[in-house]
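Peer 1: Dropping a structure here in structure tokens format, bear with me for questions.
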Amino acid sequence: MTLPRVPFDDRGLAYGDGVFETVLLRKGEPVLWPYHLARLKRGCQRLGIPIPSQEALAATWGGGASATLEVLKLIVTRGSGGRGYALPETPAPRLLSRRTPFAPETARWQEGVTVRQCRLRLGHQPVLAGIKHLNRLENVLARQEWQTPNIAEGLLADAHGQLIEATSMNVFWQQQGCVFTPRLDKCGVAGTLRAALISQGVVREADVSLEATPSVERLWVANSVQGVWPVTALLSEDGVCLKRWPQNASDRFQTVAHQLLGYVSQ
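Quick note: the sequence shown uses the working numbering, first residue 3, plus one each step.
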């Protein structure tokens, strides 16, 4: 595969001036595409970047179906030009894409995962909240907080201590039999699986503090590529176990989410 070259003056490379999507392909077709397209459009509109045409986007996964699962990564930058932070007078957005074979970590579906609380706190920027822009330095710094392979994810709170997301997944919890996910109107990435679950009435938005997380009935981390990982152990920033949840063989939330992703027969 020949990868596209990004010129030195590309604004996505220089400033993170762009957005991206990570899409599960099943038999060459994008899963949850309407939700990915909606978030891509929302991100481009927030940044003032012209949205790629439907034809250009479809060409990134065209060219034959694959018998295996794949992940398609799409990157849209503002392109080149402009002096410093000033925008180019006539932007020429750059669309980059890559397809790679993929296999979900099914053991984590069945056995659950250990997650930890992160020290890093997310800053508030409502203009960028929810979109998947290219500047993900907060997530990069948070992911540096642990190297042990037995920890699958880190939970991130904002400056006020409210749970927002995991480093690369959304967070869901159960309380009194209902499933909730954090509000993302000030920071965080609004995932496409999350959006689909909310639109179907499976999940509701609510607030919970990172400190109160050990008190929830159940906890999950999930995204539209890996699916749903039940959390069986929560560690503090210092590695102290705060809570263990028994792995439940009957996980209705996971079942509903995996139906959306086509993982039912995996």
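Beta carbons: idealized from backbone N, C-alpha and C, even for Gly.
Let me know the secondary structure DSSP gives F22 once reduced to three states.
Peer 2: Residue 22 sits at position 20 when you count from the first residue of the sequence shown. Of the three classes helix, strand and coil, the one that applies to F22 here is strand, per DSSP.
Peer 1: Cutting at 6 Å between CB atoms, please list the residues of its own chain near G14, excluding the five before and the five after it.
Peer 2: Numbered from its first residue, the sequence shown carries residue 14 at position 12. Only G20, T79 and L136 meet the Cβ criterion.
Peer 1: Our contact map puts G156 next to C120 with C-beta atoms below 8 Å; I'd like the distance itself, whole angstroms only.
Peer 2: Start at 1 with the first residue of the sequence shown, and residue 156 comes out as number 154. Start at 1 with the first residue of the sequence shown, and residue 120 comes out as number 118. 4 Å between Cβ atoms; contact.
Peer 1: Under 8 Å Cβ to Cβ from G125, same chain only, skipping five residues before and after it: list those, please.
Peer 2: One-based indexing of the sequence shown puts residue 125 at position 123. Cβ neighbours of G125 beyond the five flanking positions: E140, D160, A161 and C189.
Peer 1: To the nearest angstrom, how far is the alpha carbon of Q268 from that of S82?
Peer 2: As a first step, residue 268 is located in the sequence shown; it is residue number 266 there, counting from the start. As a first step, residue 82 is located in the sequence shown; it is residue number 80 there, counting from the start. Because Q268 carries a pLDDT of 45, less than 50, the predicted location of this residue cannot be relied on, and no value is offered for it.
Peer 1: Between the Cα of L224 and those of L97, N172 and E113, spot the shortest distance and give me the residue it belongs to.
Peer 2: On the sequence shown, position 222 is the one that residue 224 refers to. The identity of residue 224 in the sequence shown is Ala, whereas the question assumes Leu. Comparing Cα positions, the closest option is N172.
Peer 1: Which first and last residues belong to the alpha helix (DSSP H) in which C46 is found?
Peer 2: Numbered from 1 along the sequence shown, position 44 holds the residue referred to as residue 46. Residues W35 to L49.
Peer 1: In the structure shown, what three-state DSSP assignment does S55 receive?
Peer 2: On the sequence shown, position 53 is the one that residue 55 refers to. Reduced to three states, the DSSP call for S55 is coil.
Peer 1: I'd like to check one pair, I153 with T108: are the Cβ atoms closer than 7 Å?
Peer 2: Counting from 1 along the sequence shown, the entry for residue 108 is found at position 106. Counting from 1 along the sequence shown, the entry for residue 153 is found at position 151. Cβ atoms of T108 and I153: not closer than 7 Å.
Peer 1: Report the rounded CA-to-CA distance for T4 versus P32, giving the unit in angstroms.
Peer 2: Residue mapping note: residue 4 aligns to position 2 of the sequence shown, counting from 1. Residue mapping note: residue 32 aligns to position 30 of the sequence shown, counting from 1. With a pLDDT of 49 at T4, under the threshold of 50, the predicted position of this residue should be treated as unreliable, and no value is reported.
Peer 1: Could you give the C-beta distance for V210 and P232, rounded to a whole number, given that I count them as a contact under 8 Å?
Peer 2: Here residue 210 refers to the residue found at position 208 when the sequence shown is read from its first residue. Here residue 232 refers to the residue found at position 230 when the sequence shown is read from its first residue. Their Cβ separation, rounded to whole angstroms, is 17 Å, which puts V210 and P232 out of contact at 8 Å.
Peer 1: How many whole angstroms separate the CB atoms of L219 and Q177, which I take to be in contact at a CB cut-off of 8 Å?
Peer 2: Within the sequence shown, the letter at position 217 stands for residue 219. Within the sequence shown, the letter at position 175 stands for residue 177. The question names Leu, but residue 219 is Glu in the sequence shown. Yes, they are in contact, since the Cβ atoms of E219 and Q177 sit about 6 Å apart, within 8 Å.
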